[in-house]
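Novice: Let me begin by handing over the structure; questions about it come next.
Residue numbers (our numbering): 2 to 319.
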């Protein structure tokens with residue numbers, strides 16, 4: 002088994018991460034650098050779309066819009082294919098994620114489906130049948146990279162799973178920080194029944210979420226998991242209440258998260274997510290570096306001032 006990466010020194014600033022002297026930690030640097038991007042805060046009331054969408058004469062399958070201050074909604078909408086991920090949807094997802102990476106003031110992102118009863122059916126197997134072996138390999142590589150890009154977004158991300166999340170759709174949800182299921186949600190990893198394995202991070206993220214034995218159970222059997230069992234095993238973090246959709250519950254959770262300072266949320270995500278891949282001593286150094294960075298922010302001063310004045314803090318992500 003590979004050793005847990007260890008570092009002797011960690012430095013975190015507004016756009017850099019340095020760790021030395023352990024080379025194995027290099028595999029973590031890409032994720033952390035993406036979690037600490039440079040960018041300007043979004044202008045109040047500004048609207049975002051998928052950049053470049055207007056330059057392509059194609060149907061829009063992925064949209065990105067602010068639902069309220071500092072919260073974004075990332076929507077999948079390919080009803081004719083149950084949100085199956087083909088080249089076009091993948092390209093639009095990548096464009097939306099690049100837009101999100103630049104928005105400094107974002108406090109939470111909710112990923113959901115506009116298609117009734119279906120979060121995402123996974124990869125577009127009809128399109129896949131027309132690909133050569135090399136084309137399929139390249140597509141899955143790009144899909145895996147896009148899900149890692151989602152995982153590395155600086156702001157907390159929440160998957161709102163209403164309906165079915167199958168194969169690549171389940172892997173897409175796993176790339177989010179948190180998962181909220183609707184009462185009728187069903188999650189499955191059916192790849193072994195198709196003679197393949199989960200190839201967009203499922204074999205790695207699933208055991209990190211539910212443990213190795215349960216991950217083997219779900220992948221080997223390809224069985225579907227309903228919302229109550231998914232909650233019990235930790236595959237989802239919350240289940241929407243009776244009469245409530247996963248989107249409604251996820252937006253409620255996003256509003257809870259958004260009460261925190263943007264920089265604090267970013268650094269907490271780094272400290273927990275990256276630190277979990279280190280040994281404890283290295284993780285403690287990472288936490289110290291993240292905390293030291295927070296000490297330089299205006300948001301920290303505002304938080305303390307608001308506490309003393311017994312009012313709600315007004316964070317600016319600075």
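Idealized CB from N, CA, C, for every residue including glycine.
Quick caveat: nothing in here was measured; it's all calculated off a predicted structure.
#1: Cα-Cα, which of 151, 80, 87, 182 is closest to residue 116?
#2: Using 8 Å as the Cβ pair cut-off and three pairs as the minimum, do the segment 243–255 and the segment 270–284 touch?
#3: With distances taken from CA atoms, which of 177, 187, 140 is nearest residue 153?
#4: Tell whether a beta-carbon distance below 8 Å holds between residue 164 and residue 193.
#5: How big is the Cα-Cα spacing for residue 78 and residue 112?
#6: Note the first and the last residue of the continuous beta strand (DSSP E) segment covering residue 180.
#7: Between residue 65 and residue 101, how many whole angstroms is the CB-CB distance? I'm expecting something under 8 Å.
#8: Could you tell me if residue 1 is buried or exposed, where buried requires 16 or more neighbouring beta carbons within 10 angstroms of its beta carbon?
#9: So, helix, strand or coil for residue 306, using DSSP?
#10: Have a look at residue 136 and residue 238 and give me their C-alpha separation to the nearest angstrom.
#11: Could you check the C-alpha separation between residue 142 and residue 286 for me, to the nearest Å?
#12: Leaving out five residues on either side along the sequence, give the residues of the same chain with a beta carbon under 6 Å from the beta carbon of residue 240.
#13: Using only the alpha-carbon positions, how far apart do residue 37 and residue 282 sit?
#14: Which same chain residues end up closer than 6 Å to residue 200 when comparing Cβ atoms and leaving out the 5 residues on each side of it in sequence?
#15: Along the chain, where does the alpha helix (DSSP H) containing residue 116 start, and where does it finish?
#16: Using the three-state DSSP reduction, which class does residue 76 fall into: helix, strand or coil?
#17: If we count the other Cβ atoms within 10 Å of its Cβ and call it buried at 16 or more, is residue 309 buried or exposed?
#18: When you compare the CB positions of residue 125 and residue 87, do they come within less than 8 Å of one another, or not?
#19: For the beta strand (DSSP E) that contains residue 69, what are its first and last residues?
#20: Rounded to the nearest angstrom, what separates residue 121 and residue 188 at their Cα positions?
#21: Report the option in 131, 246, 146 whose CA atom is closest to the CA atom of residue 161.
#22: Are the beta-carbon atoms of residue 254 and residue 179 separated by less than 8 Å?
#23: Less than 8 Å between the CB atoms is what I'm expecting for residue 198 and residue 204, so what's the real figure, rounded?
#24: According to DSSP, what are the bridge partners of residue 297?
#25: Since I believe residue 108 is in contact with residue 295 (beta carbons under 8 Å), could you give me their beta-carbon distance rounded to a whole number of angstroms?
#26: Ordered along the chain, which non-local residues of its own chain (more than five positions away) have a Cβ less than 6 Å from that of residue 118?
#27: With 16 as the cutoff for other CB atoms within 10 Å, does residue 195 come out buried or exposed?
#28: When you compare only the Cα positions, how much space is there between residue 270 and residue 221?
#29: Could you have a look at residue 94 and say whether DSSP puts it in helix, strand or coil?
#30: Please report the residue range of the alpha helix (DSSP H) in which residue 204 lies.
Specialist: Based on what the coordinates show:
#1: Measuring from the Cα of residue 116, the nearest candidate turns out to be 80.
#2: no
#3: 177
#4: Their beta carbons are not under 8 Å apart, which means residue 164 does not touch residue 193 by this criterion.
#5: 11 Å
#6: 179–182
#7: 7 Å
#8: Nothing about residue 1 can be read from this structure; the chain reaches only from 2 to 319.
#9: helix
#10: 36 Å
#11: Near 33 Å, if we compare the C-alpha coordinates of residue 286 and residue 142.
#12: Contacts found: 182, 228, 232.
#13: Low per-residue confidence applies at residue 37: pLDDT is 40, beneath 50, and the placement is therefore not dependable enough to give any value.
#14: 141
#15: Residue 116 -> no alpha helix (DSSP H), and no H or E assigned at all.
#16: strand
#17: exposed
#18: yes
#19: 63–69
#20: 10 Å
#21: 246
#22: In contact: residue 254 and residue 179 (Cβ atoms closer than 8 Å).
#23: 6 Å
#24: Per DSSP, none; premise fails for residue 297.
#25: Between residue 108 and residue 295 the Cβ distance is about 15 Å, and since that is not below 8 Å, they are no contact.
#26: 164
#27: exposed
#28: 31 Å
#29: helix
#30: Element bounds for residue 204: 203–211.
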